[in-house]
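Residue numbers (our numbering), protein chains in the order written: chain A, 31 to 615; chain B, 592 to 777.
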């Protein structure tokens, strides 16, 4: 007995090898196919060659956070069986017009590769990509099993492209068009769904503007019995909405059209009854131009609501308070700051299950307006909603003490995005920098993944971040910091940092060059309006061949300054499709 | 440049002098020493890249702001300072009065004001006796009233006040009239 175990101990490696060699690939593939998280799959593929092979054959979904980090050729070579692709393109600051037009991230080359290698592609989710009508037509014609198209913050296409999708994709289950720079010439695309087409489950055209044929829409909704998500655009009136609801009582997510119409008593009652009949609605949005008048029609529906998106509705505090009383199960709330602190107090009092709050500014550009929300509203929510972990808050004043209280009440923040709208504004009561506020956030919220800072900040804020924010993955900084040391603290201190975006900060070459190896462990770095020079960028590019270093020059600026820098890791080498305004170093 | 040489730290001042144009926003907003915030100029207000709001929301909010400016306060009574004055006549009295409906939060308040204006007892006006949660009126048919409160709506029809929710009433009412009870059959 003992000698046997000794023998086994003497040659453990050969014994192990024998075990793994007898484990068939097919079995391993089946086991691995149960893994869905792309991060888990990445880890698995690194274990050994056998696992790498099994993983690549069994993977059906792929997520690419930066379309230039890999090429279509490399992707299709490694993964032969992909059915679902998610691609993100432009840097996030392109949302705020900081990226030049024609920057890139064109989907077309990918589609051509997919048509050859993934003819059975079913799902495509794109964010911040350039998509042309030609690409949409190509997509519609080359993938017979195509089911799901989601376009978020993309641009370059028009409703003609959508018409192609509606016409040719016979198996479409989801068409989700959100916040795109789209040329909306006509609503006739909706009428292109054939009468025989019944598979739609998700339809979101909320951000388009053209009128669609309401008869065609009604018929479409009637025959698609599995429709769960319907988000219409502003052109759909309340009366039309009522007719749609009556035909789709199974809806789970609803985006209304315009909530402003002269309804006499009977149609109002019909509307209320139609809402009452949709017992499964858990997500509500739209409500364009809603006048509080008709909101009572929603009250009964609100009882089961978990996500309420009022970012296009300017409600005052009283009206909003009356509505929110009816939403005890709310977990996610997006509102405009017209509800003011009183409105937020109502949230704190009525929504104990709240996990996510986003407050957008209704009038972001007027400095003299004394409306909006202050630190008091945020504090009130934190007292009432202890499960709060995601916040995006636009305000005009804040104090260190308030933030300290907030994170004491809600220590589980994973996403803390605070935007004090006047750049460089100190604590308005003490006139001190806001360093201690963000210090409190990173010290208390150990699960923090995403942080956006604002207000008057010295390097101390970044020392705190580097020291305490051990789970931080995304950091956004604007108009903050005093010296290179600030940025260095972050680069040296945050082990899980993936995305760093910086604008208008006094960080220069020393800071940039202190992060050389770090950038290979990150998805990307953005620096604009800082103090980085072309020479430093060239040095960085030379020393780190696996990084792409791209500089966007602004007209009339100093030749030696690198106005906007975008650095990202890649296995695909420098890109060849950059416009003239983007220099690849 | 608004930073004073004594207040800013050396590195920030250097940074500022390197990036004159781009620092405009920051420099006109903050005096580090005093912590004052100075208003943005109109050009700065129209910046497309700050605050960080997505383009679609930005343009929608602009349209909302324009609409609020344009309208006459009728449909956007959510504005704090709007008013809606309508004429009120009492049957038999040729000279009418004017009343701000927005200054009232419901039918009860309206009736109270009218009774003061025309020195009638509130209990003599047929109008909200009880109202349900939505501010709608429940008429009690058993009582005898001297007066009935009516209104002319957008379509020109004369209707009894109190049938629809208060907010809905506000969108259609053009004028009010207090008539003697005998004239409208209830």
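For each residue, glycine too, the CB sits at the ideal point set by N, CA and C.
Using a Cβ-Cβ cut-off of 8 Å, state whether residue i counts as contacting chain A.
i	result
residue 652 of chain B	yes
residue 765 of chain B	no
residue 740 of chain B	no
residue 754 of chain B	yes
residue 645 of chain B	yes
residue 759 of chain B	yes
residue 770 of chain B	no
residue 701 of chain B	no
residue 783 of chain B	Given a span of 592 to 777 for chain B in the structure shown, any question on residue 783 of chain B remains unanswerable.
residue 666 of chain B	Residue placement at residue 666 of chain B is flagged as unreliable, the pLDDT there being 38, under the threshold of 50; the coordinate-derived value follows with that caveat. At least one chain A Cβ lies under 8 Å of residue 666 of chain B.
residue 648 of chain B	yes
residue 762 of chain B	yes
Per DSSP, what kind of secondary structure is residue i in: helix, strand or coil?
i	result
residue 669 of chain B	Low per-residue confidence applies at residue 669 of chain B: pLDDT is 38, beneath 50, and the placement is therefore not dependable, though the value from the model is reported in the following sentence. DSSP places residue 669 of chain B in coil when its eight states are reduced to three.
residue 706 of chain B	helix
residue 334 of chain A	helix
residue 364 of chain A	strand
residue 128 of chain A	coil
residue 275 of chain A	helix
residue 217 of chain A	strand
residue 425 of chain A	strand
residue 386 of chain A	strand
residue 729 of chain B	With a pLDDT of 41 at residue 729 of chain B, under the threshold of 50, the modelled position of that residue is not reliable, and the figure given next carries that caveat. In the structure shown, residue 729 of chain B sits in a strand (DSSP, three-state: E or B).
residue 303 of chain A	helix
residue 72 of chain A	helix
residue 20 of chain A	Since the first and last residues shown for chain A are 31 and 615, residue 20 of chain A lies out of range.
residue 818 of chain B	No answer is possible for residue 818 of chain B: the residues shown for chain B start at 592 and end at 777.
Can you find the residues in the same chain that come closer than 8 Å, C-beta to C-beta, to residue i, ignoring five residues on each side of it along the sequence?
i	result
residue 503 of chain A	479, 480, 526, 527, 528, 529
residue 533 of chain A	123, 128, 507, 508, 509, 556, 557, 558, 559, 560
residue 241 of chain A	217, 265
residue 255 of chain A	228, 280
residue 778 of chain B	Examination of residue 778 of chain B is not possible in this model, given that chain B is present from 592 through 777 alone.
residue 576 of chain A	550, 599, 600, 601
For the beta strand (DSSP E) containing residue i, list its first residue and its last residue.
i	result
residue 117 of chain A	114-118
residue 449 of chain A	445-450
residue 661 of chain A	Given a span of 31 to 615 for chain A in the structure shown, any question on residue 661 of chain A remains unanswerable.
residue 234 of chain A	232-234
residue 605 of chain A	Counting along the chain, residue 605 of chain A falls outside any beta strand (DSSP E), and DSSP gives it neither H nor E.
residue 771 of chain B	764-771
residue 320 of chain A	First-last for residue 320 of chain A: undefined, no H or E at that position.
residue 91 of chain A	91-94
residue 438 of chain A	It is not in any beta strand (DSSP E) - residue 438 of chain A instead sits in the alpha helix (DSSP H) that spans 430-439.
If you drop the 5 nearest sequence neighbours on each side, which residues of the same chain put their C-beta closer than 6 Å to that of residue i?
i	result
residue 467 of chain A	430, 433
residue 674 of chain B	691, 693
residue 347 of chain A	369, 370, 372, 373
residue 259 of chain A	232, 283
residue 596 of chain A	121, 556, 580
residue 350 of chain A	369, 373
Please tell me whether residue i has its Cβ less than 8 Å away from any Cβ of chain B.
i	result
residue 465 of chain A	no
residue 275 of chain A	no
residue 80 of chain A	no
residue 339 of chain A	no
residue 555 of chain A	no
residue 159 of chain A	no
residue 423 of chain A	no
residue 305 of chain A	no
residue 235 of chain A	no
residue 428 of chain A	no
residue 127 of chain A	yes
residue 468 of chain A	no
residue 300 of chain A	no
Alpha helix (DSSP H) containing residue i: first to last residue?
i	result
residue 355 of chain A	Unbroken run through residue 355 of chain A: none, as it is neither H nor E.
residue 409 of chain A	405-414
residue 196 of chain A	189-198
residue 498 of chain A	489-498
Ignore the nearest five residues each way along the sequence and tell me which others in residue i's own chain have a CB closer than 7 Å to its CB.
i	result
residue 120 of chain A	129, 133, 135, 158
residue 277 of chain A	248, 251, 252
residue 650 of chain A	With chain A covering 31 to 615 only, the question about residue 650 of chain A has no answer from this structure.
residue 165 of chain A	137, 138, 141
In the DSSP assignment, what residue or residues form a beta bridge with residue i?
i	result
residue 599 of chain A	A/577
residue 292 of chain A	DSSP lists no partner for residue 292 of chain A.
residue 155 of chain A	A/116, A/180
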